[in-house]
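Worksheet: one structure, shown below.
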Amino acid sequence: MRQAQETLRIATQGPGLYEITDAVSRWTAGQGITTGLLTLYSRHTSASLVIQENADTQVLDDLLHFFQRLVPDGDPLFRHTAEGPDDMPAHVRSALTATSINIPLGQGHLLLGTWQGIFLFEHRAQPHRREVTLHLMGD
Amino acid sequence: MRQAQETLRIATQGPGLYEITDAVSRWTAGQGITTGLLTLYSRHTSASLVIQENADTQVLDDLLHFFQRLVPDGDPLFRHTAEGPDDMPAHVRSALTATSINIPLGQGHLLLGTWQGIFLFEHRAQPHRREVTLHLMGD
Amino acid sequence: MRQAQETLRIATQGPGLYEITDAVSRWTAGQGITTGLLTLYSRHTSASLVIQENADTQVLDDLLHFFQRLVPDGDPLFRHTAEGPDDMPAHVRSALTATSINIPLGQGHLLLGTWQGIFLFEHRAQPHRREVTLHLMGD
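Residue numbers (my numbering), protein chains in the order written: chain Z, 10 to 148; chain L, 10 to 148; chain D, 10 to 148.
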């Protein structure tokens with residue numbers, strides 16, 4: 010059993026789902042591990058991780074719009090407004106999705122389903138540089 | 010440290026929580042590992058994983074009804090309607106719950122709490138065949 | 010590769026986010042593992058795990074209030090009311106957040122982002138004793 014770690018850096022330009030499947034698969038394939046467990050970890054509290062359909066970009070737009078309606082920017086419920094009207098909603102949307110995700114690896118490939126892609130979900134309006142830690146364990 | 014992998018297949022008949030605790034526990038117990046980490050992974054974007062109370066089936070019904078009210082079928086917000094009125098809501102309900110879950114293993118048993126059961130959460134109306142990948146690592 | 014396990018016990022006094030970052034970091038640092046994967050597991054269906062901002066306690070209050078508004082105590086949708094008006098909402102809030110979370114470990118430290126803290130999210134009104142299982146794997 011061996012381990013490998015990497016930090017993926019993603020430059021985001023406003024709210025939305027940024028696909029990282031290719032970058033993650035490429036790094037994983039280069040580690041010489043055929044059976045194992047990949048863990049992805051978002052080092053942020055206003056950007057999260059989601060596994061979603063990557064066949065139709067409308068799905069990604071609809072997902073974004075749903076979370077924007079469920080947790081609207083400027084919601085008067087929130088008292089933490091010092092960092093802008095989109096900051097506290099970004100924290101809630103992160104809590105509602107995932108900070109860490111695992112994907113098993115078999116026969117040298119991530120065992121993603123046919124329609125599954127891996128996405129960083131950016132919740133803030135301003136451009137950000139995001140970090141996703143990759144951790145791989147296996148043989 | 011060793012690893013084991015398996016694919017669990019679940020035939021679903023419409024929306025609801027399908028308990029897989031027994032199948033998961035049985036497979037885990039047969040791997041000869043006493044201390045370790047089990048990971049469950051749903052290979053779908055319209056069926057997810059939940060750990061929930063398995064003592065009272067009313068809890069499962071209420072959970073289902075909550076998610077159906079929070080993300081209603083046919084919600085006019087959604088533009089991705091080509092796969093039916095329940096498809097996009099299924100993606101959102103999956104994003105709101107879990108694609109992967111870990112359960113530690115100690116003294117040969119999954120360290121589930123007293124009331125915890127493991128469920129596949131089916132979000133689509135039509136029957137489906139679902140796959141949950143099990144990955145176990147330990148000694 | 011080695012493993013270590015521990016059970017963290019947290020006494021809660023009503024709904025809210027209880028920070029466990031220090032206890033988790035301290036235990037992790039004492040295991041003599043420099044590169045690895047930490048898994049946290051909540052052994053409950055009415056208390057969950059969240060990674061969130063720990064710089065401003067207003068964020069934690071706002072998070073709590075959002076989940077209380079989204080899944081209100083006594084919601085007439087719920088039929089499972091035998092354990093009190095806050096029981097079924099607690100199950101739903103747990104399903105909407107996380108039962109298990111992973112944090113990679115590098116150079117002897119948890120790779121938490123600058124603003125990230127680890128929290129047990131208590132959803133029940135009465136005091137409870139909660140258990141979070143820690144599982145660490147690495148070299």
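For glycine and all other residues, C-beta sits at the position ideal for the given N, C-alpha and C.
Item	Value
Per the DSSP calculation, residue 112 (chain Z) is bridged to which residue(s)?	Z:47
Can you list, in chain order, the residues of its chain whose CB lies under 6 Å from that of residue 82 (chain L), leaving out five sequence neighbours each side?	94, 95 and 98
Count the other CB atoms within 10 Å of the CB of residue 85 (chain L); is the residue buried (16 or more) or exposed (fewer)?	exposed
Using a Cβ-Cβ distance cut-off of 8 Å, determine whether residue 37 (chain L) contacts chain Z.	no
So that I know if they touch, is there some Cβ in chain D lying closer than 8 Å to that of residue 148 (chain L)?	yes
With residue 145 (chain Z) as the anchor, note down where its beta strand (DSSP E) starts and where it stops.	137-147
Under 8 Å between the Cβ atoms of residue 130 (chain Z) and residue 108 (chain Z)?	no
Can you tell me whether residue 41 (chain Z) is buried or exposed? The criterion is at least 16 other CB atoms within 10 Å of its CB, across all chains shown.	exposed
If distances are taken between C-alpha atoms only, which option among D:91, D:74 and D:32 comes closest to residue 127 (chain D)?	D:32
Between residue 105 (chain L) and chain D, is there a C-beta pair that is closer than 8 Å?	yes
What in chain L is Cβ-close to residue 44 (chain Z), meaning under 8 Å?	12 and 14
Give the C-beta separation of residue 141 (chain Z) and residue 29 (chain Z) to the nearest angstrom, bearing in mind that I take them to be a contact with Cβ-Cβ under 8 Å.	7 Å
Tell me, to the nearest whole angstrom, how far the beta carbon of residue 56 (chain D) is from that of residue 103 (chain D); I am working on the premise that it is less than 8 Å.	7 Å
Mind checking the region 16-34 of chain D against chain Z and listing, in chain order, the residues whose C-beta falls within less than 8 Å of any C-beta there?	none
Report the partner residues of residue 28 (chain L) according to the DSSP bridge assignment.	L:128
Does DSSP put residue 68 (chain Z) in a helix, a strand or coil?	helix
Distance check for residue 52 (chain L) and residue 89 (chain L), CA to CA, integer angstroms please.	21 Å
Expressed to the nearest angstrom, what Euclidean distance is found between the alpha-carbon atoms of residue 111 (chain D) and residue 45 (chain L)?	14 Å
Under 8 Å, Cβ to Cβ, is there at least one residue of chain Z near residue 100 (chain D)?	no
Please state if the CB of residue 13 (chain L) and the CB of residue 117 (chain L) are separated by a distance shorter than 8 Å.	no
If you follow the beta strand (DSSP E) that residue 59 (chain L) is in, where does it begin and where does it stop?	56-62
Answer with yes or no whether the minimum CB distance from residue 130 (chain Z) to chain D is below 8 Å.	no
Thinking C-alpha only, which one of D:66, D:62, D:87 and D:101 is nearest residue 76 (chain D)?	D:101
Measure the beta-carbon distance from residue 119 (chain L) to residue 15 (chain L) and round it to whole angstroms, keeping in mind my assumption that it falls under 8 Å.	With 8 Å as the limit, residue 119 (chain L) and residue 15 (chain L) do not qualify as a contact, their Cβ atoms being about 14 Å apart.
So residue 58 (chain Z) packs on residue 69 (chain Z), CB below 8 Å; how close in whole Å?	In fact, because the Cβ distance is near 14 Å, the residues do not count as touching under 8 Å.
Mark residue 66 (chain L) as exposed unless 16 or more other C-beta atoms lie within 10 angstroms of its C-beta, in which case mark it buried.	exposed
From which residue to which residue does the alpha helix (DSSP H) around residue 13 (chain D) run?	Residue 13 (chain D) -> not in any alpha helix (DSSP H); beta strand (DSSP E) instead, spanning 11-21.
Identify every residue that forms a DSSP beta bridge with residue 107 (chain D).	D:58
What residue from L:136, L:63 and L:74 has the CA that sits closest to residue 23 (chain L)'s CA?	L:136
Any idea what DSSP makes of residue 73 (chain D), helix, strand or coil?	helix
Quick check on residue 53 (chain L) - is its C-beta less than 8 Å from some C-beta in chain Z?	yes
Check whether the Cβ atoms of residue 54 (chain Z) and residue 139 (chain Z) sit closer than 8 Å, and answer yes or no.	no
In three-state DSSP terms, what is residue 79 (chain L)?	helix
What residues are listed by DSSP as bridge partners for residue 119 (chain D)?	D:114
Please confirm whether any heavy atom of the ligand MG lies closer than 7 Å to the CB of residue 63 (chain L).	The ligand content of the structure shown is nil, which means the ligand MG is not present either.
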